[in-house]
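Colleague: Right, I'll just put the structure down here and ask away after.
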Amino acid sequence: MSDTLVPPREDDAPITTSKQRNAVDDATASFVEDKGDALIGKTVTINRSRAELFAFWRDFSNLPRFMENLVSVEKLDDRRSRWVVKAPAGKTVEWIAAITGEKQDEFIAWASEDGADVPNSGRINFHDAPGGRGTWVSATILYDPPAGIIGKVIATMFQREPAIQARRELRRFKQLMETGEVATAAWTRKQLEEEQA
Numbered sequence: 153m154s155d156t157l158v159p160p161r162e163d164d165a166p167i168t169t170s171k172q173r174n175a176v177d178d179a180t181a182s183f184v185e186d187k188g189d190a191l192i193g194k195t196v197t198i199n200r201s202r203a204e205l206f207a208f209w210r211d212f213s214n215l216p217r218f219m220e221n222l223v224s225v226e227k228l229d230d231r232r233s234r235w236v237v238k239a240p241a242g243k244t245v246e247w248i249a250a251i252t253g254e255k256q257d258e259f260i261a262w263a264s265e266d267g268a269d270v271p272n273s274g275r276i277n278f279h280d281a282p283g284g285r286g287t288w289v290s291a292t293i294l295y296d297p298p299a300g301i302i303g304k305v306i307a308t309m310f311q312r313e314p315a316i317q318a319r320r321e322l323r324r325f326k327q328l329m330e331t332g333e334v335a336t337a338a339w340t341r342k343q344l345e346e347e348q349a
């Protein structure tokens with residue numbers, strides 16, 4: 153997994169470290185709304201078709217199957233859903249997200265509505281990987297950490313910071329789509345329940 157966007161830019165540095173002057177602007181130009189200040193860009197190659205991966209992701213009720221900190225996604229209508237996510241110190245944050253753009257088997261873009269605990273927006277892109285190796289799945293997310301930089305530091309300590317989670321979630325998505333399950337370090341049901349708590 154890399155931190156680059158797909159398709160690759162002139163330099164292939166991670167979006168968050170690129171020296172290319174317009175890299176961040178280019179990465180977020182396709183967002184209908186750019187809600188957030190912190191940018192995350194992650195990519196993984198998954199040995200499945202774009203159509204299959206897009207369809208699985210577009211049914212947001214599937215996302216808690218591999219997003220370990222996602223408590224629930226409640227569908228409100230065809231374009232809007234309510235998200236509840238675990239935060240540090242046993243708290244949760246929530247928001248209503250609206251799909252702001254979509255192209256079948258290629259991308260889904262979203263933005264949180266006003267009043268979100270964590271204002272955010274982003275895109276998930278699906279591109280054919282070269283050589284018939286499956287699909288490049290890229291997530292680009294803008295977000296405002298709760299309580300600013302202090303909240304981000306605390307979240308990082310508790311492993312619930314979005315940049316850390318984005319990398320993990322894409323790896324877990326890859327595992328689920330390629331093997332049918334997500335690997336866990338838990339040895340017993342009790343350990344698994346404790347891990348998910």
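Numbering (my numbering), first residue to last: 153 to 349.
Backbone N, C-alpha and C define an ideal beta-carbon position, used for all residues, glycine too.
For W247, collect the residues of the same chain with a Cβ closer than 8 Å to its Cβ; drop the 5 residues on either side in sequence, then sort them by chain order.
Modeller: By one-based count along the sequence shown, residue 247 stands at place 95. Counting only Cβ-Cβ distances below 8 Å, and skipping sequence neighbours, we find R234, W235, S264, E265, G267, A268, D269, V270, P271, N272.
Colleague: Would you kindly report the start and end of the unbroken beta strand (DSSP E) that includes E226?
Modeller: Here residue 226 refers to the residue found at position 74 when the sequence shown is read from its first residue. Element bounds for E226: 222 to 227.
Colleague: Go ahead and pull the three-state DSSP assignment for A131.
Modeller: Any answer about residue 131 is impossible in this case: the structure gives the chain only from 153 up to 349.
Colleague: For R275, collect the residues of the same chain with a Cβ closer than 6 Å to its Cβ; drop the 5 residues on either side in sequence, then sort them by chain order.
Modeller: Along the sequence shown, one-based indexing puts residue 275 at 123. Only F259, A261, T292 meet the Cβ criterion.
Colleague: Can you say whether N199 is buried or exposed, counting buried as having 16 or more other CB atoms within 10 angstroms of its CB?
Modeller: Start at 1 with the first residue of the sequence shown, and residue 199 comes out as number 47. The residue is exposed, with fewer than 16 neighbouring Cβ atoms inside 10 Å.
Colleague: Can you say whether S290 is buried or exposed, counting buried as having 16 or more other CB atoms within 10 angstroms of its CB?
Modeller: On the sequence shown, residue 290 is found 138 positions in, with the first residue counted as 1. Per the 10 Å Cβ criterion, buried.
Colleague: Go ahead and pull the three-state DSSP assignment for S213.
Modeller: Residue 213 sits at position 61 when you count from the first residue of the sequence shown. Here S213 sits in helix by DSSP.
Colleague: Go through its chain and collect everything with a Cβ distance to R231's Cβ below 7 Å, but skip five positions before and after it.
Modeller: Position 79 of the sequence shown, counted from the first residue, corresponds to residue 231. Around R231: A250, I251.
Colleague: What would DSSP say about F278, mapped onto helix, strand or coil?
Modeller: Reading the sequence shown from its first residue, position 126 is the one you call residue 278. Here F278 sits in strand by DSSP.
Colleague: What is the rounded straight-line gap between the Cα of G332 and the Cα of V237?
Modeller: To locate residue 332, count along the sequence shown from 1; it is residue 180. To locate residue 237, count along the sequence shown from 1; it is residue 85. Looking at the two C-alpha atoms, the distance is approximately 23 Å.
Colleague: Pick helix, strand or coil for A291, following the three-state DSSP scheme.
Modeller: What you label residue 291 is simply residue 139 of the sequence shown in a count that begins at 1. A291: strand per DSSP, three-state reduction.
Colleague: Across the segment 212 to 224 and the segment 275 to 286, are there enough close Cβ pairs to call them in contact, namely three or more that are closer than 8 Å?
Modeller: Contact fails: fewer than three Cβ-Cβ distances are below 8 Å.
Colleague: Let me confirm a value: T244 is counted as buried when at least 16 other C-beta atoms fall within 10 Å, else exposed. Which label applies?
Modeller: The residue given as residue 244 occupies position 92 in the sequence shown. Per the 10 Å Cβ criterion, exposed.
Colleague: Suppose you measure from the CA of E321 to the CA of K194; what does that come to, to the nearest Å?
Modeller: In the sequence shown, the residue the question calls residue 321 occupies position 169. In the sequence shown, the residue the question calls residue 194 occupies position 42. One C-alpha to the other measures close to 10 Å.
Colleague: Going straight from the alpha carbon of E330 to that of D296, what length do you get?
Modeller: Start at 1 with the first residue of the sequence shown, and residue 330 comes out as number 178. Start at 1 with the first residue of the sequence shown, and residue 296 comes out as number 144. When rounded, the distance between both Cα atoms is 32 Å.
Colleague: Going straight from the alpha carbon of L228 to that of A207, what length do you get?
Modeller: Working through the sequence shown from its first residue, we reach residue 228 at position 76. Working through the sequence shown from its first residue, we reach residue 207 at position 55. Distance between the alpha carbons of L228 and A207 is about 18 Å.
Colleague: Run through the DSSP bridge pairs and tell me what S264 is partnered with.
Modeller: As a first step, residue 264 is located in the sequence shown; it is residue number 112 there, counting from the start. Note: S264 sits in a beta bridge opposite A249.
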